[in-house]
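Undergrad:
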């Protein structure tokens, strides 16, 4: 009898390794299936929202802080382009998290293998991973590296290129050239794999990959390629919102004038809150910039609202007055194309692109007189002025400033605290903003 | 079985071999049979003498296994007839250690037998140590165990059983003021210091033999017979991987067989003193207003003022009115005077605090026949605390044991616990106005509730909605009546066990326990609460053209429900062997256990809720809606959540001891645990643990002749255990979620792929001396232990370029060492006629330090935080404190530190140097007591007993708070050190508090708060409790009771001595200190 009982129990416990195989938390998983890898890239909270670098926007010069005299010392230091120590969390960690997710996805994808059945999804996952890696690598390079100069960028430090999820690999700073080269290769490879239009705009697409390439080449002042890819992007997606009538415009006077995922959005990301300086609730738009919008320019109503004596920005495509949209939208691509055309001598084509955009921003009841230009310098000046007015608070100005200064525009930024002026010289090394202090301490990579 | 891969087969094999072993044991049990002796043809008569310690009666009981029994005469002589060889004679009496003589051959009988017996320490004999798997006498184990009996548990009052252990044993420390993000640190209690850095910190709680997964507050302390604290590895290793922090074994009261019906009861009432609100450090309102006026003049509030809606503190509202010319200077002064002249603390005490009241009643009935015993216990606790937060608990427990036949015993028990609680009134200092410390009046002169502008300015909310919005004011005296949180907790615990006595010395036991606890947390805000009105208003969409208002969140209350179900079941099969073979005795147990603990949780929020008539309304949780004031779109808070976790364990264990002549005892235990560690390799799911011990009763040796020290025993134990954090894995693991913006399910990586993770290794060596003086006047024990932990998990500052989601990763980065001493001394100082005085001294030393740590943040600068969390720095205690070297104040009232050896006020550079090489940082000392203990004195005169407990904590430091300009500016928190601040040249000689500076410089403030001047010694002595009781003589008073005691108790009586000169209670800094509790009660039985 006892023998039977014992035997029975022994038999029943034979399966105990199975008993221990159950998951300890039902929500947990070890991603490995294709839909799970896609899930990593669909994590909007880590891949798109609150992600893109903000230090550049904080020091970029489109806004000022009227209350700066009452703020904490460290905020005042950032405001006047003084180096200061900052630590985790920051733009660096925010940017390298999606890069890890992209690298992990690529590794998991390799184990899975591509076949006829899964080809479409597999390609989308691979293309998306490469795109995300490219997207954040470029943004970090544009913030932490000096502006591109074909003569010197082969020696000047950019950021860290990470191509593996293994955290044991030491970080080293690659050159600006290498960083931009990697971002271009990844985006090119991605463009061949991604669908023209994504399921949702938080996912990358072929249009987004072309927009990315156009943006990088523009930063490198390779206007021929910037034009080619702007063109390719606009071939897939060219819609603009007419601020007068568009259904994606909720109401120009509203706090939130535009719908999220509106028809101009090519790829959706949001800027991180960073040091908080550029938060629309505290930042006031540069008075001269605000005054440069003509009364019948609908952007003046849509983008701004009075807050005290000054104007506050509310023109984000994020359907929130406090969250800044920083992804790709067709307006940027039109402006990329216009500027490239102008640079390459196609003044007429350039002004056509510019006027096509501006007309959509003009009050329909008032006559729109198209901008014209006779020479390249004038055309570039007009396009660049409108570029600033159209794309403010999207994290683009810093890269543009570097580019313009590399072309000799000598833009000198100024800020005032308690009557004392501070300047950022056009060739300042501060254009490569300081890296986080803890990263320098942990890795020994050189500080800017 | 062709598809079986190697790993699985291996594992299966391992599992099977353990089971085969058990089966084999069962067979052995059958085949083992008594040795038959050689019968003598002619019985031999012999005589002998038993010598007992001085002063004790000489009669001792003598018996043989097969040939009857006898007794000694009044001087200790006895006679015996030997009928067979071998003959084993046993000598026993309750107060003596048993002795034994084996007679094998005739020559053994040539001389008279002389047996020297040793007195057993009486209390020790009564004590039974429960390890959860077995019950043993103190002299039958090599382990170091403290037992706290029912009487000692009764010395403290209160509803929580763990609170009653404090100060009643050595080695047990309540960690005060320690924050640890570790979720497994719920009890705040540590046994013998720390054994891990990042692993679980709670001791394992065992109730009646099974790991207890419920809430400790479910346990009725009056129903507890004893609590055993298993401290060393030898005692605790039987509990396996989770026993690294010690084990607290709680045993319920049980009825005995052959017990006549007995009913016992307890009733007591506790009231507490009113809290001392000065513990909340805030300067007088007059000075807060002065600071606000200064800030107002500097334009600090302009940013808030300009947007028109942000709430302003009442002082700022007045200054603003004056600036706009709406009031005169005299009206301003009058307005300010109203705030200045109000004693807010007094108002608050009157409105929101009480003495609290706790009533506790408990009754238990026990009875037993020859074949059955049963007990029923019922208890009710009810009351409210000083802030009127209510609590209730009902306990009911039934236990029985039945002898089905002489070999088979069935034990069952079932207990029910029902607890509930509700929130009270707002704590002093908890209500902010415009994110600043509030100081408005609570009621007007007529007693009507006054509104506080918590979030938005009254003149904005009054007009913005053009009368369409709900009242947007917050009324501190009303809110708690309309927004309440409460909980309900029910637990059902069932237990059953069948014990089959295979042979006299061998039994087989199968037992099963099932536990289920349901917890519901409810937050209700009715439509009149600010919480609801604020939410409804914020989401209201007002069409200003038509004046039509649309409620995105319906006008009404909200109901937020969170349910959690914790259940566990454990099945156990165990073989117990207890056999004397000649002069040796063998004790052995082996068993297997399978356990599952599950947690299922869900939560949801309902809006438009109303309880009578019951209704709620559906809302859209997916869309985003613009905020009425800020225009920022956000979804409606809430929605649903679901949680489901299940942890499974399979364990095989064995424990054996061999004792020779009662002098030497060799013991060992082994255990192998398997668990469903997620994402781990199969090999990492299993972990073997073992321990070994050696005991030597020196006083039992024939050569031992120290008659003044009749008990002397040495034990040495060593054990190895491990620890695995169930959340750490080798693969990148993630969790599923869904996002309303993308509408796609996503996977979020929560743990990075970390293939190098291993189990933590912990070892402990323990050396203990037990001793007892003649007549049991003094007895005690001293135990010395060393702990060593290697491969400990530690947070490792890594290059977050690799991941970015966290600044730290967990790796096996640290080794730690702990050592200490636990001592207990129990003495009977005066044993007089009618007057007795006894003392119990508990004394503990504990030192722990990190001996290895592979991390770059391995520097003193990591310890500037004040020692509230475990921070490993090589060579220093796990909880330690460091501070910036202090250079005094400069001529402008700025605090000075050191930079490259020179005085400096460049706080950024000071902080950078501190992080770089810590040259300007001093190590101060441990931040957790290294020496602690308590002294209990009991004095009894006739039927009166007075006992009091004085406890002490020495050898540690704490960081006190001081004045901070940033806090004063940013949150209106004005620490009273403000009065001591530097104000004019020369003050630097007399004060260390820096001047008030504006605009704020948070680096200056953080330097000062972490400077040497703000670290104080924590050493203190406090009077824990005083207990006074009177024992009624039932016969004299002719009352129908067997026993009846009335008692009074006063607890938390405060500090008797402290090392710091600032009048601060180092264990309760900056908080409303523990209040005194006064209890009166009655207990008895009939």
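Chains as they are written, first to last, in this note's numbering: chain A, 1 to 448; chain B, 10001 to 11086. C-beta atoms are modelled at their ideal positions from N, C-alpha and C, and glycine is treated no differently. These numbers were taken from a predicted model, which means no experiment stands behind them.
#1: From residue 10994/B to residue 10163/B, what does the alpha carbon distance come to, in whole angstroms?
#2: To which residues of the same chain is residue 10640/B closer than 6 Å at the C-beta, ignoring the five residues directly before and after it?
#3: With distance defined between alpha-carbon atoms, name the residue in 10372/B, 10382/B, 10419/B and 10421/B nearest to residue 10402/B.
#4: State yes or no: is the C-beta of residue 360/A within less than 9 Å of the C-beta of residue 240/A?
#5: So if DSSP puts residue 10784/B in a beta bridge, which residue, or which two residues, is it bridged to?
#6: What's the gap between the Cα of residue 440/A and the Cα of residue 10136/B?
#7: Please confirm whether residue 10708/B has its beta-carbon closer than 9 Å to some beta-carbon of chain A.
#8: From residue 10265/B to residue 11046/B, what distance separates their C-alpha atoms?
#9: Specify the secondary structure class of residue 438/A as computed by DSSP and reduced to three states.
#10: Is DSSP giving residue 10174/B helix, strand or coil here?
#11: So, with DSSP's three-state summary, where would you put residue 428/A?
#12: Against chain B, does residue 133/A count as a neighbour if the rule is that its beta carbon must be under 9 Å from one of theirs?
#13: Can you check whether the C-beta of residue 10002/B is within less than 9 Å of a C-beta belonging to chain A?
#14: Over the uninterrupted alpha helix (DSSP H) stretch that includes residue 11008/B, give me the two end residues.
#15: Distance check for residue 10081/B and residue 10110/B, CA to CA, integer angstroms please.
#16: Taking 7 Å as the limit between beta carbons, can you name the residues of its chain near residue 10349/B, skipping five residues before and five after?
#17: Please report the straight-line C-alpha distance between residue 10261/B and residue 10376/B, rounded to a whole angstrom.
#18: Rank 10300/B, 10880/B, 10958/B and 10921/B by C-alpha distance to the C-alpha of residue 10896/B and give the top, closest one.
#19: By a C-beta neighbour count over all protein chains shown, 10 Å radius and 16 as the cutoff for buried, is residue 21/A buried or exposed?
#20: Would you call residue 10440/B buried or exposed, if buried means 16 or more other Cβ atoms sit within 10 Å of its Cβ?
#21: Decide yes or no for the touch test of the segment 10922 to 10936 of chain B against the segment 10834 to 10851 of chain B: beta carbon pairs closer than 8 Å, at least 3 of them.
#22: When you compare the CB of residue 9995/B with every CB in chain A, is at least one pair closer than 9 Å?
#23: Which bits of chain B does residue 73/A rub up against, with CB to CB less than 9 Å?
#24: Can the beta-carbon of residue 10051/B be found less than 9 Å from the beta-carbon of residue 10131/B?
#25: Kindly indicate the opening and closing residues of the beta strand (DSSP E) around residue 11047/B.
#26: Of the choices 10039/B, 10087/B, 10231/B and 10194/B, whose alpha-carbon is the least far from that of residue 10767/B?
#27: Whole angstroms are fine: how far does the CA of residue 10551/B sit from the CA of residue 10647/B?
#28: Residue 10963/B by DSSP, collapsed to three states: which one?
#29: Any heavy atom of the ligand FAD closer than 8 Å to the Cβ of residue 10815/B?
#30: Residue 159/A and residue 137/A: beta carbons closer than 9 Å?
#31: So the candidates are 428/A, 18/A, 161/A and 43/A; which of them puts its Cα closest to the Cα of residue 10805/B?
#32: Is the beta carbon of residue 10295/B closer than 9 Å to that of residue 10318/B?
#33: Do residue 10545/B and residue 10483/B have their beta-carbon atoms positioned less than 9 Å apart in this structure?
#34: Say whether chain A places a C-beta atom closer than 9 Å to the C-beta of residue 10916/B.
#35: Can you confirm whether the segment 10522 to 10540 of chain B touches the segment 10498 to 10512 of chain B when touching is taken to mean that 3 or more C-beta pairs between the two stretches lie within less than 8 Å?
#36: Locate the alpha helix (DSSP H) running through residue 266/A, then write down its first and last residues.
TA: Result, derived from the coordinates:
#1: Translated into the one-based positions of the second chain, residue 10994/B becomes position 994. Translated into the one-based positions of the second chain, residue 10163/B becomes position 163. In a straight line, the C-alpha of residue 10994/B is about 41 Å away from that of residue 10163/B.
#2: For the purposes of this step, residue 10640/B is identified with residue 640 of the second chain, where counting begins at 1. Counting only Cβ-Cβ distances below 6 Å, and skipping sequence neighbours, we find 10604.
#3: Here residue 10402/B refers to the residue found at position 402 of the second chain. It is 10372/B.
#4: Stepping through the first chain from its first residue, residue 360/A is reached at position 360. Stepping through the first chain from its first residue, residue 240/A is reached at position 240. A contact, by the Cβ cut-off of 9 Å.
#5: Indexing the second chain from 1 puts residue 10784/B at position 784. Beta-bridge pairing links residue 10784/B to 10767/B and 10821/B.
#6: Along the first chain, one-based indexing puts residue 440/A at 440. Along the second chain, one-based indexing puts residue 10136/B at 136. Between residue 440/A and residue 10136/B, the C-alpha separation is close to 59 Å.
#7: In the second chain, the residue the question calls residue 10708/B occupies position 708. Not one chain A Cβ lies under 9 Å of residue 10708/B.
#8: Position 265 of the second chain holds residue 10265/B. Position 1046 of the second chain holds residue 11046/B. Whole-angstrom Cα-Cα distance: 12 Å.
#9: Translated into the one-based positions of the first chain, residue 438/A becomes position 438. Correct three-state label for residue 438/A: helix.
#10: Translated into positions along the second chain, residue 10174/B becomes position 174. It is a strand residue.
#11: Position 428 of the first chain, counting from 1, holds the residue named residue 428/A. Three-state DSSP puts residue 428/A in coil, outside helix and strand.
#12: Translated into positions along the first chain, residue 133/A becomes position 133. It does not; no Cβ of chain B falls within 9 Å.
#13: Taking the first residue of the second chain as position 1, residue 10002/B is located at position 2. The predicted model places residue 10002/B with a pLDDT of 36, which falls under 50 and marks its position as unreliable, so this point remains unresolved.
#14: Taking the second chain and counting its residues from 1, one reaches residue 11008/B at position 1008. Residues 11002 to 11009.
#15: Here residue 10110/B refers to the residue found at position 110 of the second chain. Here residue 10081/B refers to the residue found at position 81 of the second chain. Cα-Cα distance, rounded: 14 Å.
#16: Position 349 of the second chain, counted from the start, is the residue given in the question as residue 10349/B. For residue 10349/B, where only same-chain residues beyond five positions count, the Cβ hits under 7 Å are 10274 and 10277.
#17: The residue given as residue 10261/B occupies position 261 in the second chain. The residue given as residue 10376/B occupies position 376 in the second chain. The alpha-carbon atoms of residue 10261/B and residue 10376/B are separated by roughly 11 Å.
#18: Here the question's residue 10896/B lines up with position 896 in the second chain. The shortest C-alpha separation from residue 10896/B is found at 10921/B.
#19: Stepping through the first chain from its first residue, residue 21/A is reached at position 21. By the 10 Å Cβ count, residue 21/A comes out exposed.
#20: As a first step, residue 10440/B is located in the second chain; it is residue number 440 there, counting from the start. Under this definition residue 10440/B is a buried residue.
#21: yes
#22: Nothing about residue 9995/B can be reported from this structure: the residues present for chain B run from 10001 to 11086 only.
#23: On the first chain, position 73 is the one that residue 73/A refers to. Simply 10907, 10908, 10999, 11000, 11001, 11002, 11003 and 11004.
#24: Walking along the second chain from the start, residue 10051/B turns up at place 51. Walking along the second chain from the start, residue 10131/B turns up at place 131. No, the Cβ-Cβ distance between residue 10051/B and residue 10131/B is not below 9 Å.
#25: By 1-based counting over the second chain, the position of residue 11047/B is 1047. 11043 to 11051 is the extent of the beta strand (DSSP E) around residue 11047/B.
#26: By one-based count along the second chain, residue 10767/B stands at place 767. Nearest option by C-alpha distance: 10231/B.
#27: Position 647 of the second chain, counted from the first residue, corresponds to residue 10647/B. Position 551 of the second chain, counted from the first residue, corresponds to residue 10551/B. About 45 Å.
#28: In the second chain, residue 10963/B corresponds to position 963, counting from 1. Residue state, collapsed to three classes: coil.
#29: In the structure shown, the ligand FAD is absent, as is every other ligand, since no ligand is present at all.
#30: If you number the first chain from 1, residue 159/A lands on position 159. If you number the first chain from 1, residue 137/A lands on position 137. Closer than 9 Å, so yes.
#31: The sequence position of residue 10805/B within the second chain is 805, counting from 1. Nearest of 428/A, 18/A, 161/A and 43/A to residue 10805/B, Cα basis: 43/A.
#32: Position 318 of the second chain, counting from 1, holds the residue named residue 10318/B. Position 295 of the second chain, counting from 1, holds the residue named residue 10295/B. Taking 9 Å as the Cβ cut-off, residue 10318/B and residue 10295/B do not qualify as a contacting pair.
#33: For this step, residue 10483/B is matched to residue 483 along the second chain. For this step, residue 10545/B is matched to residue 545 along the second chain. No, they are not a contact pair.
#34: Taking the first residue of the second chain as position 1, residue 10916/B is located at position 916. Yes, residue 10916/B lies at the interface with chain A (some Cβ there is under 9 Å from its Cβ).
#35: no
#36: Within the first chain, residue 266/A is the residue found at index 266, counting from 1. It is not in any alpha helix (DSSP H) - residue 266/A instead sits in the beta strand (DSSP E) that spans 265 to 267.
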